[in-house]
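Listed in order, the protein sequences are those of chains A and B.
If you read the first sequence in this note's numbering, its first letter stands for residue 14, the second for the next number, and so on.
If you read the second sequence in this note's numbering, its first letter stands for residue 39, the second for the next number, and so on.
Ideal Cβ placement from N, Cα and C applies to all residues, glycine included.
Treat the numbers as computed from the prediction; the structure is a model and nothing was measured.
In what follows, a structure is listed as structure tokens, so that the remarks can point back to it.
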Amino acid sequence: MMGLDISKAKIIGIGAEARIYSTNWRGRCVVVKHRVPKGYRHKDIDDRLRQGRTKGEARLLALARDAGVRTPIIYDVDIKECTIVMEFIEGEPLVKVLEISKVPERKVLLRSVGQAVARLHRADLIHGDLTGANMLVSDGLIQFVDFGLGIQSVEVEDKGVDLHVLQEALKAVNMEDLFKEVETGYLKEWSSGKDVVARIKEIAMRGRYN
Amino acid sequence: MLCLGIEGTAHSVGAAVVADEKGRAKVISNIIEMYRPQDGGIHPREAANHHAERVVPVIRQAIAQAKIDPSELDLVAFSQGPGLGPCLRTVATAARALSVKLDVPIIGVNHCIAHLEIGRATTGAKDPVLLYVSGGNTQVITFFEKRYRVLGETMDIGLGNLLDKFGREFGLPFPAGPTLEKKAARGSKLIDLPYSVKGMDVSFSGILTAAEHLITKGASMEDVCFSIQEVTFAMLTEVTERAMAYTKKSEVLLGGGVAQNGRLKKMVDDMTRERGGKSFVPEGRLLQDNGAMIGWTGIVMHKAGVKMAVKDTVINQRYRTDEVEVVWR
């Protein structure tokens with residue numbers, strides 16, 4: 014990648030499969046997501062997985078933007094190196110903002126989360142990991158980051174599971190009762206999403222820990 | 039404290055005498071007898087018949103080899119689930135009879151948790167993520183928020199089940215794992231198989247279908263075995279790493295019969311090293327289904343004050359790992 018020296022960039026996150034850096038690139042503040050090679054697995058498997066996932070994530074980020082959901086702008090994708098260079102977004106993780114907010118503000122935020130997820134789902138995009146750290150609040154608006162587990166799907170089931178993950182994430186911070194705000198926002202944005210909302214209950218019922 | 043542990047959740051019946059030596063497990067004897075069907079898979083009732091015939095001799099042998107008198111036993115522990123109903127009922131009956139006869143307490147143990155506890159007690163692993171891979175079970179388990187939680191698991195068949203079904207189709211003896219590993223060592227060409235990981239869950243049935251199809255189409259057995267190992271073990275290692283990242287843990291413990299595979303051990307070890315962590319593998323007989331792990335977990339539970347009356351010893355075929363209240367940690 015031209016003019017990008019990852020070794021000098023600052024690490025801002027280490028996940029199981031990727032390292033996240035922030036750096037300056039061509040006069041911009043950018044985030045670089047690098048899927049690191051895994052020496053434990055066969056090189057062919059490693060290349061195929063990392064490259065496929067890098068490509069898939071870049072595609073989803075772009076499609077989500079087209080669907081009207083705020084995501085970082087992609088500046089560059091290097092399939093061979095398995096890196097995505099994207100816009101750095103100034104913001105706080107949703108979970109943190111919720112924790113310091115009062116109930117009425119929480120409701121407003123969660124309704125707009127619901128609306129944004131509905132836009133994704135209407136376009137058959139599944140985020141795959143709707144947990145508190147993967148949504149940022151920036152100038153009061155919801156931004157989606159990390160589509161690493163995302164897929165494209167028309168299935169009600171996949172959309173329901175997507176929302177169920179969010180429900181579980183809210184449960185983990187004792188805000189389960191506010192999940193109905195997400196549903197309200199979701200249905201307001203996309204009235205045909207009622208099948209999906211109905212499916213969430215069913216999914217929760219067959220959950221592992223119920 | 040001396041405990042007799044009896045295992046019998048699936049194809050193996052086992053009995054062991056275990057002692058508590060300052061919090062470490064001392065396995066004094068550990069007898070395992072495996073039911074090997076002449077053809078086809080494990081028929082639950084036939085396996086249970088095997089256990090009914092063999093459980094008494096196995097217990098006698100465990101006691102004789104430990105050079106103790108039955109009256110010296112302080113506790114009887116047995117595998118209460120999960121597993122095949124008829125098998126579980128057979129060993130539970132043996133355990134109850136023994137407990138009443140010797141007038142010692144009885145404790146029913148969760149089989150999956152026993153794999154984890156024996157690993158902790160014999161390898162030095164303190165707070166590991168357990169990758170438990172056997173015929174029936176494929177789970178990633180760890181202690182998290184006061185319970186042993188299943189963070190990831192197979193959505194269809196256990197990995198051992200994939201290997202056995204593949205083996206049965208093409209004449210490898212049961213269990214197929216060891217033969218498959220030898221064949222894989224002679225293979226080198228990686229053939230594409232469906233890599234299926236969703237979050238921390240895996241699924242294997244697509245690989246079974248694809249692998250069988252490849253052989254019928256004339257692909258080399260060695261290369262297919264090699265590819266099965268490379269793909270399925272990479273999947274397991276990946277979800278184990280996810281579980282480590284999620285729970286911020288640095289140790290991995292292996293358990294289950296499939297964990298005797300050298301390639302799987304190496305992959306997991308390479309992964310943990312890359313992360314600056316450590317992997318632990320109990321010795322072979324403690325990886326398999328065995329009475330020692332049941333006996334040891336019985337001791338741990340007993341010391342923590344767990345008490346069971348005979349009426350509490352009903353077996354549970356679908357005994358979930360996270361149903362157990364972990365009072366000893």
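Three or more beta-carbon pairs drawn from the stretch 234-242 of chain B and the stretch 187-197 of chain B are found closer than 8 Å, and the two stretches are therefore classed as touching. Of the candidates B:Arg-301, B:Gly-294, B:Ser-258, B:Arg-301 places its Cα closest to the Cα of Ala-272 of chain B. Under the three-state reduction of DSSP output, Gln-118 of chain B falls in the strand class. Around the CB of Ala-53 of chain B, 16 or more other CB atoms lie within 10 Å, so the residue is classed as buried.
Listed along the chain, the chain A residues whose CB falls inside 8 Å of the CB of Leu-228 of chain B are His-55, Asp-57, Ile-58. Runs of the beta strand (DSSP E) lying entirely within the stretch 83-171 of chain A and spanning at least 3 residues, in chain order: 87-91, 96-100, 148-151, 154-157. The continuous alpha helix (DSSP H) containing Phe-204 of chain B extends over residues 197-207. With respect to the 8 Å criterion, Gly-293 of chain B and Val-147 of chain B are not classified as neighbours on the basis of their beta carbons. By the rule that beta-carbons nearer than 8 Å mark a contact, Glu-279 of chain B touches chain A.
Counting along the chain, the unbroken alpha helix (DSSP H) around Gln-103 of chain B starts and ends at 82-103. Taking a beta-carbon distance threshold of 8 Å, Glu-268 of chain B counts as an interface residue toward chain A. Within the same chain, and ignoring the five residues on either side of Leu-107 of chain A in sequence, the residues whose Cβ sits closer than 6 Å to its Cβ are Gly-145, Met-148, Val-150. Taking a Cβ-Cβ threshold of 9 Å, the residues of chain A close to Tyr-233 of chain B are Ile-58, Arg-61, Leu-62, in chain order.
With respect to the 8 Å criterion, Val-338 of chain B and Glu-155 of chain B are classified as neighbours on the basis of their beta carbons. A straight-line Cα-Cα distance of about 42 Å links Pro-320 of chain B and Lys-21 of chain A. Residue environment: Ser-109 of chain B is assigned as exposed (fewer than 16 neighbouring CB atoms within 10 Å of its CB, all protein chains considered). Residue contact with chain B for Leu-133 of chain A: absent (no Cβ-Cβ distance below 8 Å to any residue of chain B). For the C-beta of Leu-122 of chain A, not a single chain B residue is nearer than 8 Å; the gap to the nearest is close to 25 Å. Look at Glu-363 of chain B: its C-beta is not under 8 Å from any C-beta on chain A.
Boundaries for Phe-318 of chain B: no alpha helix (DSSP H) harbours it, while the beta strand (DSSP E) harbouring it runs 316-318, taken from the DSSP string. About 26 Å separates the CB atoms of Gly-28 of chain A and Ser-125 of chain A; that is not less than 8 Å, and the two are not in contact. Across the stretch 241-270 of chain B, CB contacts with chain A closer than 8 Å involve Glu-268, Val-269, in sequence order along the chain. Listed in chain order, the alpha helix (DSSP H) elements of length 4 or more contained wholly in the stretch 297-338 of chain B are 300-312, 322-325. In the three-state scheme derived from DSSP, where H, G and I count as helix and E and B as strand, Leu-183 of chain A is classed as helix. Listed by position along chain A, the residues whose Cβ is nearer than 9 Å to that of Thr-275 of chain B are Lys-51, Tyr-53, Arg-54. Burial is judged here by how many other beta carbons sit within 10 angstroms of a residue's own beta carbon; Leu-154 of chain A has fewer than 16 and is exposed.
For Leu-169 of chain B, the enclosing beta strand (DSSP E) covers residues 167-171.
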